[in-house]
Amino acid sequence: MNLSQSLQSASLTDPGRVRDHNEDCIESRPEIGLFVLADGMGGYNAGEVASGMATSLIADGLQEEWKPADVQRLSREEAKALSEKLIREQIGRANNAIFTTSQNNPECAGMGTTLVVCLFYDNFMTVAHIGDSRLYRLRGETMEQVTRDHSLLQEQLDSGLITPEEAKLSQNKNLVTRALGIDPTVDAEIHVYETQPDDSYVLCSDGLSDMVEDEEIRLTLITLKQNPNLLVQQLIQAANDNGGRDNISAMLIRVAEPYGVPRGWLARFKALFR
Amino acid sequence: MAKLILSVDGQVLKEYNLSKERTLIGRKAHNDIQIDNLAVSGEHAAIITILNDSFIEDLGSTNGTMVNGKPIKKHFLQNNDVVEIGKHKLKYFNDAPAQASAADFEKTMIIRNPAKAAPPPPKPADAGLGETVTNLKPGSDATRPVPAAEQTSPPAPAPKPAPVAEAPKPAAPPPPPAPRAEPEPAPAAAGGTPLREAAIQVLSGAAAGRTLDLTKNLTTIGKPGLQVAVITKRPNGYFITHVEGATYPTLNGASLGAQAHPLNDHDLIEIAGVKMEFFYKP
C-alpha cells in the first residue's frame, strides 16, 4: 500500500537571508508515510553534520524496520505500539551515532540537533520530537501546535513566569532544553494521534515559527492547502520577507483521503482491485 | 549583560550590572542595590535575571514600584524601561542583541539542568519567582562539560547561575564567515515600509464592476475546484500564482504557468472565464 496517493506532501528547506549555510535537514519517504526534520546546532558546520546524520539514519533505519506489508498483520493497537517502539529505537541509534562522532572528532564537539519525526499509518500518526522544531495541525479552520517545545521559554510559559504575549519579546528564544546527540542517551517525546481526511500537517524549524506569526501560517494553510508545493514555497517566502534570520524548513502533509488498512479477508480482497 | 542606571532628579548615581540571578533592591545594607531613603522599603523589589531576560517584582513594599509610570507587581523588563522607586529612577538597558552579531546571537543552543533526572521546575507561587530556572549553561562551547560530572553534581537547592550573559561564540577555531552579502534587492524586512494599497476590479461576468481590496497577505481569486490563483502581498510588490485547476489563468493574455508573476498597475487577469484588472489605489 503506497501512502503517497492518500497523503499529498511537499517539503522545502532554505538557508534564509542571513546565514551562509543551512543547518536544517529534511528527509521524506512519502510512500511509507515518513517525514523527518532536524535543525542542527553547534560548532562550525557541525550543526549540519548532526542534522544530516539524524535525518538520514532515522529515515533509512525506519524504512528498513517498518514494513507496512508485515505491519498489516498486526492489530491497529499493536501497530501503534510497534511504531512507537521502532521510532524510539531509531532515535536512540541516531543519538548514539551523533554523540560518538562528536566525541571522536574535535571539529564536531558539542554538536546536536532538534528533531521531529512523523510516521503515518492506518489513519493515525506517530509523532516524536526533541527540542524546538514543531508540528502544527490544521483541522477545519483551526490550527494547533501538536508538539510542545523543549525550550527554556516553554518551561517559563508552563510555570506561569511569563505570558504568551511576553514570550514574543523574550531574548531567550534560542535555548532548547533537549537535543539529539549531545548526551549518551536522549529522551524523545512520542505520541500517537488519530488523523482525519483534509487535515494538514506542517513540520517546521524555528526559522519558520519565529519569523512568521501562527495566524499567518494558519491563513496560508487554509488558502493554499490544495497546492502543497506552492504552500511550502509561500511559507518560506514569508519567513524570508520577514527577515529570514535563521534557516527555514517546512514539510507539509495533507490527508487527501482516508488511508486505513483493510482488515478482514473481504476488505483485503477488495483492496487488491483498488 | 543587562544593566541598571540609578539616578535621582536626573543625576546619575551608580550603574549596576545584572550579573546575579536575583538582585535585591531596598533600603537596608544587605541589598545589592541599596537606596538609602525612607520612601524605600527595607527589601523593596527584586530583579530576576534568566540569561538574557530580566523580570522585576515588587516585594510588597510600602510605597510600591512603578515601571514607565505604572504601578506593577511583576513586570518583564524591556530595553529602556524606567523603574521608579520613590524619587529614585532605575533605567534598564539590555542591548544583548546589539553586542552579539545577529547571526551568533540567535543560534540555537542547548541548556541543561544540573541533574538531568530532576523533575521539571515546580509551579512557583507568586513569590517564588526566582527559583524557577537555575544553573543554565549553553552547551555549544568546544570544551563541553562532561555529562557525567554534571549529572552527579548535587542538585543543590539554589545553585549559582552560570556565567552565561556573554554572547555565545561558535565552538570551532575557524572564524565565522561574514554574513552573506544581500543576495538580491533587500525586501523591506520586518517593520519596513508598507506596500502601496492595491485592489482588483472585476470587468466581466455576474460580478462585473465589483472591486476587491488586496488587504491580506494572501488573497485567492477564481472558482474553487475549477481554477484558483492567489495574489500574494509582499514587501517588494504584489504577485500572482496559480494554485489549482487543470489550466492556468492568463495575465495580459499570456498563460501564468506554474511560476509567480509580479503584478503591475492595470494588468489584466483572466481566471475561470472572468476578466479582472489589478490596479494600485491612488
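Protein chains in written order, with the working numbering: chain A, 925 to 1198; chain B, 773 to 1054.
Even for Gly, the Cβ is constructed at its ideal location relative to N, Cα and C.
From a predicted model like this one, the values you see are computed outputs, not experimental measurements.
Burial state of residue i (16 or more Cβ within 10 Å)
i, result
"B:Phe1050", "buried"
"A:Ser952", "buried"
"A:Phe959", "buried"
"A:Asp1082", "exposed"
"B:Glu793", "buried"
"A:Ser1124", "buried"
"A:Trp872", "Since the first residue of chain A shown is 925 and the last is 1198, residue 872 of chain A is not available in this structure."
"A:Gln1158", "buried"
"A:Phe1197", "exposed"
"A:Phe1193", "exposed"
"B:Pro1054", "exposed"
"A:Lys991", "exposed"
"A:Glu972", "buried"
"A:Gly1055", "buried"
"A:Gly1167", "buried"
"A:Glu1176", "According to the sequence provided, residue 1176 of chain A is Leu. The question's Glu does not apply to it. Flag for A:Leu1176 reads buried."
"B:Val839", "buried"
"B:Leu785", "exposed"
"B:Ser1027", "exposed"
"B:Val780", "exposed"
Residue i - DSSP class collapsed to helix/strand/coil
i, result
"A:Met977", "helix"
"A:Ser1194", "Reading off the sequence, residue 1194 of chain A comes out as Lys, not Ser. Helix at A:Lys1194."
"B:Asp898", "Because B:Asp898 carries a pLDDT of 40, less than 50, the predicted location of this residue cannot be relied on, and the following value inherits that uncertainty. B:Asp898 falls in the helix class under three-state DSSP."
"A:Ile1086", "coil"
"A:Asp1073", "coil"
"A:Asp1165", "helix"
"B:Leu996", "According to the sequence provided, residue 996 of chain B is Pro. The question's Leu does not apply to it. Reduced to three states, the DSSP call for B:Pro996 is coil."
"B:Glu793", "coil"
"B:Thr987", "coil"
"A:Thr1147", "helix"
"B:Val780", "strand"
"B:Lys775", "strand"
"B:Gln806", "strand"
"B:Glu856", "strand"
"A:Arg1182", "The sequence shown places Pro at residue 1182 of chain A, rather than the Arg named in the question. If DSSP states are grouped into helix, strand and coil, A:Pro1182 belongs with coil."
"A:Thr1159", "Note that residue 1159 of chain A is Leu in the sequence shown here, rather than Thr. In the structure shown, A:Leu1159 sits in a helix (DSSP, three-state: H, G or I)."
"A:Gln1078", "helix"
"A:Leu1200", "No statement about residue 1200 of chain A is possible, as the shown extent of chain A runs from 925 to 1198 and does not include it."
"A:Leu927", "coil"
"B:Leu823", "coil"
"B:Leu849", "coil"
"B:Leu831", "coil"
"B:Leu967", "coil"
Interface residues of chain A facing residue i [CB-CB closer than 8 Å]
i, result
"B:Gln850", "Leu1093"
Range of the contiguous beta strand (DSSP E) that encloses residue i
i, result
"B:Ile972", "Ala970 to Val974"
"A:Leu1062", "Arg1058 to Arg1063"
"B:Glu815", "Run containing B:Glu815: none; DSSP gives neither H nor E here."
"B:Lys1047", "Val1046 to Tyr1052"
"B:Asp1037", "No beta strand (DSSP E) holds B:Asp1037; DSSP gives it neither H nor E."
"B:Lys842", "Lys842 to Ile844"
"B:Thr837", "Thr837 to Val839"
Chain A contact residues for residue i, given Cβ-Cβ distances below 7 Å
i, result
"B:Asn789", "None at all; the shortest Cβ gap to chain A is about 16 Å."
"B:Pro1007", "Asp1165"
"B:Lys879", "Met965 and Asn1098"
Proximal residues of chain B, C-beta to C-beta of residue i below 7 Å
i, result
"A:Thr1147", "Leu990, Thr992 and Val1002"
"A:Glu1140", "Asn989"
"A:Ala1103", "Ile882"
"A:Ile1086", "Phe848"
"A:Leu1154", "Thr1013 and Val1015"
"A:Asn1151", "Val1015 and Glu1016"
"A:Gln987", "What A:Gln987 touches in chain B: nothing, since even the nearest Cβ is about 28 Å away."
Under 8 Å from the C-beta of residue i: neighbouring residues of chain B
i, result
"A:Glu1090", "Phe848"
"A:Gln929", "Near A:Gln929 there are no residues of chain B at all, since even the closest Cβ is about 18 Å away, more than 8 Å."
"A:Asp1046", "Those do not exist, as A:Asp1046 stays about 28 Å from chain B at its closest Cβ, beyond 8 Å."
"A:Asp1130", "Thr880"
"A:Gln932", "Chain B residues near A:Gln932: none, gap ~12 Å exceeds 8 Å."
Residue i beta carbon near the ligand ADP (any heavy atom closer than 7 Å)
i, result
"B:Thr983", "This structure simply doesn't include the ligand ADP, nor any ligand for that matter."
Under 9 Å by beta carbon: chain B residues contacting residue i
i, result
"A:Thr883", "Outside the displayed range of chain A (925 to 1198) lies residue 883 of chain A, so it cannot be described from this structure."
"A:Gln1069", "None at all; the shortest Cβ gap to chain B is about 18 Å."
(request) Please list the segments of the beta strand (DSSP E) lying wholly inside the region 1004-1048 of chain A, counting only runs of 3 or more residues, in order along the chain. (result) 1039-1045
(request) Would you mind listing the beta strand (DSSP E) stretches within the region 1000-1028 of chain B that are 3+ residues and don't spill past its ends, in chain order? (result) 1009-1016
(request) Ignoring anything shorter than 4 residues or poking outside the region 1089-1142 of chain A, list the alpha helix (DSSP H) runs there in chain order. (result) 1130-1133
(message) Which runs of the beta strand (DSSP E) at least 3 residues long sit entirely within the region 936-999 of chain A? Give them in chain order.
(response) Entirely contained in the region 936-999 of chain A, the beta strand (DSSP E) runs reaching 3 residues are, in chain order, 948-953 and 958-965.
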